[in-house]
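**Student:** Protein chains in written order, with numbering that gives the first Met the number 0: chain A, 0 to 573; chain B, 0 to 573.
Cβ coordinates follow ideal geometry from the N, Cα and C atoms, glycine included.
2 protein chains.
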Amino acid sequence: MNLKSILPILDWLPNYKKDWLKGDISAGITVGVMLVPQGIAYAMIAGLPPIYGLYTALIPQIIYAIFGTSRQLSVGPVAMDSLIVASGVAALAEIGTQNFIEFAILLAFMMGVLQVAFGVFRLGFLVNFLSRPVISGFTSAAALIIGINQFKHLFGIDIGRSNKIQVLLKDTFSQIQDSNLITTTIGIISIIILVYLKKKFKKTPAALVVVVLGLLAVKLFNLDQFGVQIVGSVPEGLPSFKMPSFSKEIIINLAPVALTLSFVGFLEAVSVARAIETKHTEYKVVPNQELVALGLSNMIGSFFQSYPATGGFSRTAVNDQANAKTHLASLISASVIGLTLLFLTPVFYYLPKAVLAAIIIVAVFGLLDFRVPKQLLTYAKRDLVILNITLIITAMVGITEGIISGVLLSLGMLIYKSTKPHIAILGNVPNTHFYRNRKRFKDVIIHENILIVRFDAQLHFANTSYFKNKLQEFCRYKGSKLKFLIIDGESFNSLDSSALFALNEIYTYFKDRQVQLAFTGLKGPVRDKMVKSGLMKKIGEEYFFMSVQDAVDYYETGLKEDTKFYKYTNQANE
Amino acid sequence: MNLKSILPILDWLPNYKKDWLKGDISAGITVGVMLVPQGIAYAMIAGLPPIYGLYTALIPQIIYAIFGTSRQLSVGPVAMDSLIVASGVAALAEIGTQNFIEFAILLAFMMGVLQVAFGVFRLGFLVNFLSRPVISGFTSAAALIIGINQFKHLFGIDIGRSNKIQVLLKDTFSQIQDSNLITTTIGIISIIILVYLKKKFKKTPAALVVVVLGLLAVKLFNLDQFGVQIVGSVPEGLPSFKMPSFSKEIIINLAPVALTLSFVGFLEAVSVARAIETKHTEYKVVPNQELVALGLSNMIGSFFQSYPATGGFSRTAVNDQANAKTHLASLISASVIGLTLLFLTPVFYYLPKAVLAAIIIVAVFGLLDFRVPKQLLTYAKRDLVILNITLIITAMVGITEGIISGVLLSLGMLIYKSTKPHIAILGNVPNTHFYRNRKRFKDVIIHENILIVRFDAQLHFANTSYFKNKLQEFCRYKGSKLKFLIIDGESFNSLDSSALFALNEIYTYFKDRQVQLAFTGLKGPVRDKMVKSGLMKKIGEEYFFMSVQDAVDYYETGLKEDTKFYKYTNQANE
Chain A
0 MNLKSILPIL DWLPNYKKDW LKGDISAGIT VGVMLVPQGI AYAMIAGLPP IYGLYTALIP
60 QIIYAIFGTS RQLSVGPVAM DSLIVASGVA ALAEIGTQNF IEFAILLAFM MGVLQVAFGV
120 FRLGFLVNFL SRPVISGFTS AAALIIGINQ FKHLFGIDIG RSNKIQVLLK DTFSQIQDSN
180 LITTTIGIIS IIILVYLKKK FKKTPAALVV VVLGLLAVKL FNLDQFGVQI VGSVPEGLPS
240 FKMPSFSKEI IINLAPVALT LSFVGFLEAV SVARAIETKH TEYKVVPNQE LVALGLSNMI
300 GSFFQSYPAT GGFSRTAVND QANAKTHLAS LISASVIGLT LLFLTPVFYY LPKAVLAAII
360 IVAVFGLLDF RVPKQLLTYA KRDLVILNIT LIITAMVGIT EGIISGVLLS LGMLIYKSTK
420 PHIAILGNVP NTHFYRNRKR FKDVIIHENI LIVRFDAQLH FANTSYFKNK LQEFCRYKGS
480 KLKFLIIDGE SFNSLDSSAL FALNEIYTYF KDRQVQLAFT GLKGPVRDKM VKSGLMKKIG
540 EEYFFMSVQD AVDYYETGLK EDTKFYKYTN QANE
Chain B
0 MNLKSILPIL DWLPNYKKDW LKGDISAGIT VGVMLVPQGI AYAMIAGLPP IYGLYTALIP
60 QIIYAIFGTS RQLSVGPVAM DSLIVASGVA ALAEIGTQNF IEFAILLAFM MGVLQVAFGV
120 FRLGFLVNFL SRPVISGFTS AAALIIGINQ FKHLFGIDIG RSNKIQVLLK DTFSQIQDSN
180 LITTTIGIIS IIILVYLKKK FKKTPAALVV VVLGLLAVKL FNLDQFGVQI VGSVPEGLPS
240 FKMPSFSKEI IINLAPVALT LSFVGFLEAV SVARAIETKH TEYKVVPNQE LVALGLSNMI
300 GSFFQSYPAT GGFSRTAVND QANAKTHLAS LISASVIGLT LLFLTPVFYY LPKAVLAAII
360 IVAVFGLLDF RVPKQLLTYA KRDLVILNIT LIITAMVGIT EGIISGVLLS LGMLIYKSTK
420 PHIAILGNVP NTHFYRNRKR FKDVIIHENI LIVRFDAQLH FANTSYFKNK LQEFCRYKGS
480 KLKFLIIDGE SFNSLDSSAL FALNEIYTYF KDRQVQLAFT GLKGPVRDKM VKSGLMKKIG
540 EEYFFMSVQD AVDYYETGLK EDTKFYKYTN QANE
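1) Using a cut-off of 8 Å between C-beta atoms, extract the partners of residue 567/A located in chain B.
2) Does DSSP put residue 297/A in a helix, a strand or coil?
3) Thinking C-alpha only, which one of 356/B, 397/B, 557/B and 220/B is nearest residue 38/B?
4) Where does residue 519/B sit, in a helix, a strand or coil, going by DSSP?
5) Is there a Cβ of chain B sitting closer than 9 Å to that of residue 129/A, yes or no?
6) Which chain A residues sit within Cβ distance under 9 Å of residue 401/B?
7) To the nearest angstrom, how far is it from the Cα of residue 134/A to the Cα of residue 386/A?
8) In terms of residue numbering, what span does the beta strand (DSSP E) encompassing residue 487/A cover?
9) Quick one: using the 10 Å Cβ neighbour count with 16 as the cut-off for buried, is residue 247/B buried or exposed?
10) Starting from residue 378/A and walking both ways along the alpha helix (DSSP H), at which residues does that stretch end?
11) Out of 284/B, 325/B and 232/B, point me to the one whose CA is closest to residue 19/B's CA.
12) According to DSSP, is residue 203/A part of a helix, a strand, or is it coil?
13) Comparing C-alpha positions only, which one of 349/A, 549/A, 480/A and 526/A sits nearest to residue 432/A?
14) Along the chain, where does the beta strand (DSSP E) containing residue 236/A start, and where does it finish?
15) For the stretch 493–504 of chain A, list every residue whose C-beta sits within 8 Å of some C-beta in chain B, in sequence order.
16) Go ahead and label residue 276/A buried or exposed: buried means 16 or more other beta carbons lie within 10 angstroms of its beta carbon, across all protein chains shown.
17) Going by C-alpha to C-alpha distance, which of 265/B, 459/B and 522/B sits closest to residue 125/B?
18) Along the chain, where does the alpha helix (DSSP H) containing residue 140/A start, and where does it finish?
19) Which residues in the same chain have their Cβ closer than 6 Å to the Cβ of residue 151/B, if we skip the five residues on either side of it in sequence?
20) Compare the beta carbon distance of residue 26/B and residue 76/B with 9 Å and say whether it is the shorter of the two.
21) Three-state secondary structure (DSSP) at residue 89/A?
22) So what's residue 565/A in DSSP terms, helix, strand or just coil?
23) Taking only runs that begin and end inside the stretch 406–490 of chain A, name each unbroken beta strand (DSSP E) of 3 or more residues, in chain order.
24) Under three-state DSSP, which class holds residue 619/A?
25) Quick check: the Cα distance between residue 422/B and residue 413/B, rounded to an integer number of angstroms?
26) Quick check on residue 307/A: does DSSP put it in helix, strand or coil?
27) Can you look up residue 351/A in the DSSP assignment and give me helix, strand or coil?
28) Just the chain B side, please: which residues come within less than 7 Å of residue 460/A by C-beta, in chain order?
29) Have a look at residue 222/B and residue 67/B and give me their C-alpha separation to the nearest angstrom.
30) Ignore the nearest five residues each way along the sequence and tell me which others in residue 456/B's own chain have a CB closer than 7 Å to its CB.
31) DSSP on residue 494/B, reduced to helix/strand/coil?
32) Measure the Cβ-Cβ separation of residue 358/B and residue 60/B and say whether it is below 9 Å.
33) Tell me, please, whether the CB atom of residue 345/A is closer than 9 Å to any CB atom in chain B?
34) Which residues bound the alpha helix (DSSP H) around residue 48/A?
35) When you compare only the Cα positions, how much space is there between residue 495/A and residue 513/A?
36) My understanding is that residue 225/A touches residue 181/A, with C-beta atoms under 8 Å, so please give their C-beta distance in whole angstroms.
Rendered as structure tokens:
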């Protein structure tokens with residue numbers, strides 16, 4: 000580990016190429032302009048005053064530019080994390096109070112500490128346990144909840160925040176008749192403009208367009224006097240340095256939320272970073288370093304009043320499309336935020352909340368995933384079940400519960416499948432040395448004295464009984480003519496002690512019935528265990544073959560065709 | 000499912016052969032004689048009056064003879080279950096009280112209901128999750144606890160019952176100076192006789208010998224007046240029919256204990272039944288039917304004041320060695336118990352508890368397993384870790400906790416191993432069509448334009464990233480000369496949706512770098528998924544080969560040697 004791997008900025012800054020500059024500047028400005036309304040909107044999701052969204056878009060972005068390995072990742076407030084903050088902190092403090100703000104900032108600090116610790120202890124691999132169906136179900140559910148949570152601003156009705164979809168829908172329907180017509184009109188028109196611009200003019204900063212139009216509409220027609228909710232005063236100036244307020248009791252209560260955030264945030268950042276990475280050759284995303292970089296962004300950010308941040312999907316995509324080549328783009332985006340904080344915050348006073356709601360709704364409903372479920376329906380119905388259960392639990396019970404159920408279900412399915420694996424009896428493909436499953440290929444030839452079995456799983460404690468029972472069943476079926484049992488071991492990826500005990504018992508069982516056991520195609524790690532446990536010697540070293548054909552030839556001729564393969568069939572490492 | 004599979008007695012009784020009779024009678028009497036002192040001793044472990052051990056040896060044995068599939072399994076009280084009963088019920092009632100007895104009987108009923116339900120829902124396979132290391136660690140720990148729990152009777156000291164080894168040892172050491180000399184002498188001499196007879200005269204009913212000697216010694220020398228604890232009065236007569244007393248609150252409290260018992264009891268019975276089954280050809284042990292049989296034995300037994308029963312290791316072994324051929328042997332053993340209950344219970348009045356303690360200690364210390372840990376040390380150190388953790392948690396925290404930790408640890412290890420599986424780059428074994436790992440065989444030939452990779456695991460959500468990263472790493476290492484990537488798929492036992500997404504990405508990644516992807520040796524279930532998901536078509540149906548050699552030949556000659564294999568390489572089921 001060298002200094003460049005801890006401080007990736009030492010890698011790109013000294014080697015900066017002049018022709019990167021144009022891309023970095025234009026991308027930086029584009030993302031910066033996009034971030035201003037996004038920051039205000041996401042702060043609204045989190046239940047925080049708008050200014051905190053801008054604060055969170057500032058410092059974390061700068062810190063990530065120093066430590067991060069992805070050169071296009073745009074770190075700042077994101078919708079999903081904002082929702083988790085809202086639902087997690089709301090259990091401890093009333094939304095809008097000073098306590099609520101303090102706890103959200105403390106959460107950023109805690110999340111950062113956890114992420115740094117996970118990175119240092121190299122736990123980044125844990126993110127691999129989130130399978131595609133789980134991610135898809137979780138994302139769709141979160142998008143629904145975030146989107147529907149905005150209906151109150153879109154329709155100007157007064158419903159409580161919730162992370163349970165059934166509560167949200169019930170509240171929305173019961174209040175929809177009280178909706179403010181002007182607010183609703185602003186919201187719907189904003190959505191139409193956003194969708195239209197997104198489709199027809201991809202390069203236009205659509206969010207900025209609706210923000211400007213919304214501001215003008217309210218200001219010109221004094222719509223705030225007709226019940227249209229507006230953002231109100233946003234304080235000016237950069238965030239000042241301030242210690243988060245630590246309280247043992249609050250830390251204990253926030254710990255599960257911080258843990259969820261540290262994983263979900265990491266997952267979101269690393270997924271998009273990896274997707275973008277495949278288009279670039281000059282750098283490599285290192286998951287554990289990403290954890291450290293995101294962790295430090297959150298930790299240091301929390302001293303400047305940031306709430307939990309991570310790398311966002313849409314901004315990162317825009318950053319890359321606008322030709323960002325290095326972290327310089329992020330530093331320019333941060334400058335745009337800084338300038339906005341210094342001079343432009345009064346502008347947002349008349350911004351209608353319905354416009355922000357429209358921006359959020361269009362963004363998150365784009366995350367609703369219909370493609371993956373449709374694919375799963377055609378070729379992986381079990382995975383579709385996992386997706387739907389994750390989606391339903393996330394939407395109806397909670398975000399953490401949804402992820403945990405999805406992961407446990409995926410693992411359970413994996414284990415369950417490996418307890419009753421596919422098992423094939425092989426026969427000879429006519430006029431070749433190949434052996435294939437007799438159930439799939441009716442023309443293969445079965446020798447009456449030989450049974451050739453391929454067990455399609457790593458042999459381990461939870462499937463050894465199944466394997467033994469199947470072999471005994473086949474043996475009974477074959478009857479007394481059976482003289483030679485060939486186990487095609489190409490699927491045994493490794494053996495645990497239960498597997499070795501089982502193979503020992505299988506050997507004895509068949510020996511008692513005058514059936515000789517033979518193995519073919521064993522891999523290195525399997526041979527190692529067989530030799531160390533003494534099983535290879537017990538079975539007889541001459542009964543280990545390169546291929547099924549060699550074993551069959553041996554049975555028929557009584558001679559090993561050639562001893563030159565001994566070093567391959569019986570090799571083992573110490 | 001026919002009537003004989005539900006009532007196996009219909010299978011053996013009508014077909015009873017005359018020459019089985021001698022073995023059944025002698026085995027029945029041997030086991031019956033062995034059961035009397037065992038029953039009394041095990042009741043003592045459970046914290047119950049001696050008579051309940053005899054009751055438990057009566058009815059369950061008869062019921063099992065009707066429903067059980069193992070013809071040698073001896074069902075009745077066993078040491079492990081007795082200990083679980085003691086530790087489970089002691090949390091709810093004082094040992095020796097009427098409540099304690101009632102709860103123990105209710106536990107038998109609950110355990111029975113659960114076992115029947117598990118059998119009906121065919122959950123017998125769950126027992127396969129208990130790996131050898133877990134069983135070994137668990138058994139040794141339980142043997143230690145049961146044995147050390149008897150020290151109080153062996154030394155005649157007054158220490159509390161506990162299922163935590165550290166508590167037991169501390170109490171024993173702090174009280175050892177108060178031990179009763181005569182009691183200790185009786186205990187030690189009994190142990191010496193038991194061990195000696197077990198070694199030299201295997202056929203002698205050693206427990207009966209020490210019981211008779213102990214009785215005579217106390218009676219002749221009035222040892223009970225010198226502080227030697229005796230069994231005291233044991234009521235005469237058969238158990239009468241009596242409903243267990245049901246209380247909702249108690250049932251809820253006992254539920255976890257009943258669940259543990261139903262599994263542990265089933266595990267013990269089915270392990271020994273399977274071990275004995277391998278020596279017999281005339282019947283087959285059916286795990287789910289065993290669950291039903293054991294469950295009914297416990298349920299019906301509980302109406303005749305039985306506490307939890309199952310098939311015992313040592314008795315079953317003795318039954319088989321004494322040539323029991325059918326359940327008739329068990330019915331004869333039950334008769335011995337019946338006669339004892341009717342006429343012989345007063346005999347046991349003067350039986351010293353130290354003798355019973357000696358019988359238990361010798362029995363359970365024989366279960367201490369040193370063989371498996373020693374084997375694991377040489378070839379499966381990870382499994383040794385699992386064994387030791389199971390042992391320590393069982394001995395120091397609790398029986399249920401020990402089993403659960405062991406199972407979770409085994410599953411965790413299994414999953415962890417499959418996230419970073421063995422991966423091999425293959426080269427050609429000179430002058431053959433075989434391909435082997437270049438790290439193990441230095442002489443294999445590597446083609447500069449071809450990369451042949453074998454990933455030794457089922458490809459699933461938790462290892463797809465690892466696989467992708469490794470392939471990209473190999474690709475970078477090989478450089479721009481790489482033109483053909485052959486994935487040897489013989490180890491892919493199945494693909495989930497994450498694996499299909501990953502293979503898709505891998506295909507695109509290498510296509511972008513002008514590297515053609517090819518697969519060899521794919522199994523049926525893997526081909527099915529590849530065809531259904533459209534991946535096979537996308538990659539190109541001509542890039543699927545029978546063997547690595549065929550793929551290499553194709554690259555070198557540009558021609559598929561023969562199209563006759565198409566139906567094998569591209570076959571898929573709907």
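**Tutor:** Quick look at the numbers:
1) 428, 433, 435 and 440
2) helix
3) 356/B
4) In this structure, residue 519/B counts as strand in the three-state DSSP scheme.
5) yes
6) In chain order: nothing, as chain A lies at least about 16 Å away.
7) 8 Å
8) 483–487 is the span of the beta strand (DSSP E), which, as asked, contains residue 487/A.
9) exposed
10) Taken as a continuous stretch (DSSP letters only), the alpha helix (DSSP H) holding residue 378/A covers 370–378.
11) 325/B
12) Annotated three-state conformation of residue 203/A is coil, per DSSP.
13) Ranking 349/A, 549/A, 480/A and 526/A by Cα distance to residue 432/A puts 549/A first.
14) Under the DSSP assignment, residue 236/A falls outside any beta strand (DSSP E); it carries neither an H nor an E label.
15) 493, 495, 496, 497, 499, 500 and 504
16) buried
17) 265/B
18) 131–148
19) 158
20) no
21) The three-state secondary structure of residue 89/A, taken from DSSP, is coil.
22) helix
23) Within the stretch 406–490 of chain A, the runs of beta strand (DSSP E) that reach at least 3 residues and sit entirely inside it are, in chain order, 422–427, 434–436, 449–454 and 483–487.
24) Given a span of 0 to 573 for chain A in the structure shown, any question on residue 619/A remains unanswerable.
25) 17 Å
26) coil
27) strand
28) 130, 131 and 409
29) Their Cα atoms are separated by approximately 44 Å.
30) 417, 420, 462 and 490
31) strand
32) no
33) Taking a beta-carbon distance threshold of 9 Å, residue 345/A does not count as an interface residue toward chain B.
34) Per DSSP, residue 48/A belongs to no alpha helix (DSSP H) and is neither H nor E.
35) 27 Å
36) 5 Å
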